[in-house]
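> Take this structure first; my questions come after.
Number of protein chains: 2
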Amino acid sequence: MTELEQYLHKIAGIAESTLDELLPKEDTYPASIHNLMRYSIFAGGKRIRPALVAASFEACGSAFPSENVLKVGAAIEMLHTFSLIHDDLPCMDDDDFRRGRPTAHKAFNEALAVLGGDALCIYAYEILANVGSIAVISEISRALGTNGMIGGQVVDIESEGKAVDKATVEYIHMNKTAALIRACIRCGALLANADSVTTEKLTNYGNLIGLAFQVVDDILDETATTEQLGKDAGSDRENGKATWVSVCGMDESRRYAVELIDKAKTEISFLGENGRMLAAIADFFFERVN
Amino acid sequence: MTELEQYLHKIAGIAESTLDELLPKEDTYPASIHNLMRYSIFAGGKRIRPALVAASFEACGSAFPSENVLKVGAAIEMLHTFSLIHDDLPCMDDDDFRRGRPTAHKAFNEALAVLGGDALCIYAYEILANVGSIAVISEISRALGTNGMIGGQVVDIESEGKAVDKATVEYIHMNKTAALIRACIRCGALLANADSVTTEKLTNYGNLIGLAFQVVDDILDETATTEQLGKDAGSDRENGKATWVSVCGMDESRRYAVELIDKAKTEISFLGENGRMLAAIADFFFERVN
């Protein structure tokens, strides 16, 4: 295993046990919703977002692990899962599978999927209140709202089947995907009390790898198999989704992803050795495609 | 107008303008979701929850208006509206009308109603972060989660068409309705820095009027007209909902509502003149039925 693989493995393990400790047990009344929440959270995700919070925190010179870093990472993972559950609903992307298993509304039912998503969102905020940083709560809320993730989802859905321009695709990606990834990076910096210059450069890094993550996702939707993805390959094209590949073509999308990753690494080069895990994560975001 | 009517009228007016100031304008990109959020928020609600926050704050001896009290009231109104939008969805209660107008998913579409509810929830937390009280954020999150409002909604839906006992109906009402009403009262006390004895008695008051509110709602569903309710009368019975009336009958439900209101007023009698608006609100909760 590379150093990054070891790091991601370690963080994923800690994130799993933190989530397990924080979430209500399956048999807590009412059991159905707690089952759905756990089913959706423990679906074999790579826990990239908790890793981003931790790596950013450490890049700012703070020693991992800190309990608050773990809790914020877990809360963001809940918020990410909340968005996936609602995204998969019949009235939204209408996906039957995610990570190789039936989506929440398929495994349970639609009403419980709506409420389970809602509950993961609320529960995340309860944990963030427990951490006690108003700045973190404010950061995450802005990243999720209509000027962030939800805004991106709205434009994504409304662009389906339409000829959209590059600026619209960039808006969707910057908000639907990059906003929460940037928030992970910024929360790590906030928890480490980073200075404003460091925070600004890390913010740029977060936006760049966030965009790269989505460009790579668009490429994989065209090139990977359903088995590799854990969801239907080619579904973006079938659904008439606005993607980089649909707007710029495959070659230009690859070139753009490389450019974004290079720029991201340049932004954090001033961190030197402290930033090596963030640089490795940037490379990892692109390597998925090769 | 009685003193209470004047008070509710005043608070409703301030709540409307606070919500108007806080919510993104209709033409803010992406416009569709901001339209839906405003359509759902400005639907002619009585703003009872902001009034409860304000009346509790004042009952603790603090002078109204305080900007933070207004913001917390507005945030709770957004959270209440988020729950109504999701409650009305086809996969949940499948309601076409609320307050005499088409529900959000009817006036817009289902995907936007899911996301608009989500956005109101997230936006409420952004406002609460701006207020800056971790205790308030924690209080509201616990009231909304699976050990509160959402837990009550789950059991409500899962009890449809089943013969349920009184304890189950009480669980549904305590969580689905009373939890957020109690949180309004407790947030007012928190913002006023009330002592623990005062807070405990106000908490009891909040639970009691919250339960009474739902018992009265169940009675009205049987006795009021569709026009009076702004939604389909008798829909609880048609949907096989677990209600006080279905479990205990109409006479016992009325007697129970009177008992709850009396107990609520006894809890706050120690406040003397400071508590007169809370006492009037308790009476008002019951008077709707006469």
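So the sequence lines, in the order shown, correspond to chains A and B. If you're matching positions, the first sequence starts at 1 in my numbering and goes up one per residue. If you're matching positions, the second sequence starts at 1 in my numbering and goes up one per residue. Where is the CB? At the ideal position from N, CA and C, for every residue including glycine.
So with CB distances below 7 Å, who are the chain A contacts of B/Ile300?
This structure cannot speak to residue 300 of chain B, because chain B is shown only from 1 to 290.
> Quick one: which chain B residues come within Cβ less than 9 Å of A/Cys248?
Here residue 248 of chain A refers to the residue found at position 248 when the first sequence is read from its first residue. Residues of chain B passing the Cβ test: none, with the nearest at roughly 22 Å.
> What first and last residue would you give for the alpha helix (DSSP H) that runs through A/Phe64?
One-based indexing of the first sequence puts residue 64 of chain A at position 64. Segment: none, A/Phe64 is in no alpha helix (DSSP H) and carries neither H nor E.
> Pairing CB atoms from the region 135-153 of chain B with CB atoms from the region 186-203 of chain B, are three or more of them under 8 Å?
yes
> Less than 7 Å between the beta carbons of B/Asp236 and B/Thr243, yes or no?
Locating residue 236 of chain B in the second sequence gives position 236, counting from the first residue. Locating residue 243 of chain B in the second sequence gives position 243, counting from the first residue. Yes. Within cutoff.
> Report the neighbours of B/Val215 on chain A: residues whose CB is nearer than 9 Å to its CB, in chain order.
Position 215 of the second sequence holds residue 215 of chain B. The contacting residues do not exist; B/Val215 stays about 21 Å from chain A at best.
> Roughly how many angstroms separate the alpha carbons of A/Met1 and A/Pro90, rounded to a whole number?
Here residue 1 of chain A refers to the residue found at position 1 when the first sequence is read from its first residue. Here residue 90 of chain A refers to the residue found at position 90 when the first sequence is read from its first residue. So the alpha carbons of these two residues sit roughly 40 Å apart.
> Determine contact between the region 34-41 of chain A and the region 113-121 of chain A, defined as no fewer than three beta-carbon pairs at a distance below 8 Å.
yes
> Spatial neighbours of B/Phe285 within its chain, please: C-beta separation below 7 Å, excluding the five flanking residues on both sides.
Here residue 285 of chain B corresponds to residue number 285 of the second sequence, with the count starting at 1. Cβ within range, chain order: Ile209, Ala212, Phe213, Val216, Ile261.
> Residues of chain A with CB under 7 Å from B/Tyr123, in chain order?
In the second sequence, residue 123 of chain B corresponds to position 123, counting from 1. Near B/Tyr123 (Cβ distances below 7 Å), the residues of chain A are Gly145.
> Considering only residues of the region 165-211 of chain B, which uninterrupted alpha helix (DSSP H) runs meet the minimum length of 4 residues and lie entirely inside it, listed in chain order?
166-172, 179-191
> Within the continuous alpha helix (DSSP H) that includes B/Asp156, where are the two ends?
Taking the first residue of the second sequence as position 1, residue 156 of chain B is located at position 156. Its alpha helix (DSSP H) spans residues 149-158.
> For A/Ala119, return the contacting residues in chain B, with the cut-off set at a CB-CB distance below 9 Å.
Start at 1 with the first residue of the first sequence, and residue 119 of chain A comes out as number 119. Chain B residues near A/Ala119: Leu144, Gly145, Thr146, Ile150, Gly151, Val154.
> What residue does the alpha helix (DSSP H) around A/Gly13 start on, and which one ends it?
Locating residue 13 of chain A in the first sequence gives position 13, where the first residue counts as 1. First-last of the alpha helix (DSSP H) with A/Gly13: 3-22.
> For A/Cys248, which of A/Glu170, A/Ile281, A/Leu191, A/Glu3 has the nearest alpha-carbon?
Taking the first residue of the first sequence as 1, we reach residue 248 of chain A at position 248. Out of A/Glu170, A/Ile281, A/Leu191, A/Glu3, A/Glu170 has the C-alpha closest to the C-alpha of A/Cys248.
> Threshold first: 4 residues or longer. Then list the alpha helix (DSSP H) segments lying entirely within the region 40-94 of chain A, N to C.
For secondary structure counted as the alpha helix (DSSP H) over 4 or more consecutive residues, the region 40-94 of chain A holds these complete runs in sequence order: 48-59, 67-87.
> Buried or exposed for A/Glu3, please, with buried defined as at least 16 other CB atoms from any protein chain shown within 10 angstroms of its CB.
Reading the first sequence from its first residue, position 3 is the one you call residue 3 of chain A. By the neighbour-count rule (16 or more Cβ atoms within 10 Å), A/Glu3 is not buried but exposed.
> Along the region 23-37 of chain B, what residues have a CB closer than 7 Å to any CB found in chain A?
Pro24, Pro30, Ser32, Ile33, His34
> Across the region 58-66 of chain B and the region 98-106 of chain B, are there enough close Cβ pairs to call them in contact, namely three or more that are closer than 8 Å?
no
> Would you call B/Glu238 buried or exposed, if buried means 16 or more other Cβ atoms sit within 10 Å of its Cβ?
The count along the second sequence starts at 1 and reaches residue 238 of chain B at position 238. Exposed, by the Cβ-count rule.
> Would you identify the three-state DSSP class for A/Arg38, choosing helix, strand or coil?
Locating residue 38 of chain A in the first sequence gives position 38, where the first residue counts as 1. The answer is helix: DSSP assigns A/Arg38 an H, G or I state.
> Tell me whether B/Ala74 counts as near the ligand MG, meaning its Cβ is closer than 6 Å to at least one heavy atom of that ligand.
Inclusion of the ligand MG in the displayed structure is not the case, the ligand content being empty and no account of it being possible.
> Identify whether B/Phe284 lies in helix, strand or coil by the three-state DSSP scheme.
For this step, residue 284 of chain B is matched to residue 284 along the second sequence. It is helical.
> Among all the DSSP beta bridges, which residues are the ones paired with B/Pro102?
Sequence index remark: in the second sequence, residue 102 of chain B carries index 102 (1-based). Beta-bridge pairing links B/Pro102 to B/Phe97.
> Compute the Euclidean distance between the alpha carbons of B/Ala75 and B/Ile127, then round it to the nearest angstrom.
Translated into the one-based positions of the second sequence, residue 75 of chain B becomes position 75. Translated into the one-based positions of the second sequence, residue 127 of chain B becomes position 127. The alpha-carbon atoms of B/Ala75 and B/Ile127 are separated by roughly 6 Å.
> Can you give, in chain order, each stretch of the alpha helix (DSSP H) that sits fully within the region 217-256 of chain B and has at least 4 residues?
List check, alpha helix (DSSP H) in window: 226-229, 235-238, 244-248.
> Determine the direct distance from the alpha carbon of A/Glu139 to that of B/Pro50, and round the result to whole angstroms.
In the second sequence, residue 50 of chain B corresponds to position 50, counting from 1. In the first sequence, residue 139 of chain A corresponds to position 139, counting from 1. Roughly 25 Å separates the two Cα atoms.
> Would you tell me roughly how many angstroms separate the C-alpha atoms of B/Asn274 and B/Asp94, rounded to the nearest one?
Numbered from its first residue, the second sequence carries residue 274 of chain B at position 274. Numbered from its first residue, the second sequence carries residue 94 of chain B at position 94. B/Asn274 and B/Asp94: Cα-Cα distance of roughly 42 Å.
> When Cβ atoms are compared, which residues of the region 79-92 of chain A fall closer than 7 Å to chain B?
His86, Leu89, Cys91, Met92
> For B/Ile137, which residues in chain A fall below 7 Å Cβ to Cβ?
Within the second sequence, residue 137 of chain B is the residue found at index 137, counting from 1. Per Cβ cutoff of 7 Å: Tyr125, Ala129, Ile137.
> Straight-line CA distance for B/Gly6 to B/Glu16?
In the second sequence, residue 6 of chain B corresponds to position 6, counting from 1. In the second sequence, residue 16 of chain B corresponds to position 16, counting from 1. The sequence as given places Gln at residue 6 of chain B; Gly does not occur at that position. Going from the Cα of B/Gln6 to the Cα of B/Glu16 covers about 15 Å.
> A/Tyr29 lies in the alpha helix (DSSP H); which residues open and close that run?
Position 29 of the first sequence, counted from the start, is the residue given in the question as residue 29 of chain A. Counting along the chain, A/Tyr29 falls outside any alpha helix (DSSP H), and DSSP gives it neither H nor E.
> Would you list, in chain order, the members of the region 48-65 of chain A that have their beta-carbon closer than 7 Å to a beta-carbon of chain B?
none
> For B/Lys162, does the three-state DSSP call read helix, strand or coil?
Indexing the second sequence from 1 puts residue 162 of chain B at position 162. Three-state DSSP puts B/Lys162 in coil, outside helix and strand.
> Just to make sure I have the definition right: I need the residues of chain E whose C-beta is within less than 8 Å of the C-beta of B/Ile134. Which are they?
No chain E is part of this structure, whose protein chains are labelled A and B.
> Between which two residues does the alpha helix (DSSP H) carrying A/Leu271 extend?
Locating residue 271 of chain A in the first sequence gives position 271, counting from the first residue. Here A/Leu271 belongs to no alpha helix (DSSP H), and DSSP marks it neither H nor E.
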